[in-house]
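Visitor: Mind looking over this structure? Questions follow.
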Amino acid sequence: MAVDLAVSRHGKLDIMFNNAGVLGSLARTPLADQDLADFDHVMAINSRGAMAGVKHAARVMAPRRTGSIICTASIAGVLVSVAPHPYSVSKAAVVGLVRTVAGEMARSGVRVNAISPNYIATPLVMRLLAEWYPKESAEGHRRIVEGGINEMEGAVLEPKDIARAALYLASDEARYVNGHNLVVDGGFTVGKVPNMPAPAE
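Everything in the sequence shown is counted per the numbering used here, starting at 800 for the first residue and increasing by one.
Structure below.
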């Protein structure tokens, strides 16, 4: 187990970053036709996996009365209609997990927070857009990410922006930040109407 390996090598665990996740089926399936096996698969990795990471980090952090646990959520857990149902539900569950355990962990000196990024042109997102917009080129998919669903003028969200958010939450500068979902989206979720073409049927 990763937590026990970290403790055996370093004698302690200061920071846990839960950053694993899957999209599941890329189909924009109506709720009545939702494949529950796909839903279970996505929930098992994205939600149960986050819970397992938090649980095992808490097991070694709480006795030391210090630590920072960070979970990657998503704007899909905050704003509807930007991802398939299973993914959106799983990421909303991650935010719920953080809020549920933060108070308990605070009494042991451990902070638990989430980061909810907007779309970034990663291979995972590009695969999603290729499925949704098969007639668009890769450059067209990149334009959707960097223009159509980008709210912040003069900036494009990059992986390093999420790394900086995680570094902040892990640091002593965030020593009193707990139970927070840090949305890194340039203002997208506070009222942006996606400027995206309708996905192919």
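Backbone N, C-alpha and C fix where the C-beta goes; we use that ideal spot for every residue, glycine too.
Since the structure is predicted, the reported quantities are computational estimates derived from the model, not experimental observations.
Do you know offhand how far ALA937's Cα is from GLY953's?
Guide: Rounded to whole angstroms, ALA937 to GLY953 spans 22 Å at the Cα level.
Visitor: Within this structure, are the beta carbons of PRO883 and SER846 separated by less than 8 Å?
Guide: Cβ atoms of PRO883 and SER846: not closer than 8 Å.
Visitor: Would you kindly work out how many angstroms separate the C-alpha atoms of THR871 and VAL841, rounded to a whole number?
Guide: Spanning the two alpha carbons is a distance of roughly 14 Å.
Visitor: Helix, strand or coil, according to DSSP, for PRO883 in the structure here?
Guide: If DSSP states are grouped into helix, strand and coil, PRO883 belongs with coil.
Visitor: Which residues in the same chain have their Cβ closer than 6 Å to the Cβ of GLY908, if we skip the five residues on either side of it in sequence?
Guide: Hits under 6 Å: ARG864 and THR865.
Visitor: Below 8 Å between beta carbons: does that hold for VAL924 and ASN912?
Guide: No, they are not a contact pair.
Visitor: Is the separation between the beta-carbon of LEU966 and that of LEU981 shorter than 8 Å?
Guide: Not in contact: LEU966 and LEU981 (Cβ atoms no closer than 8 Å).
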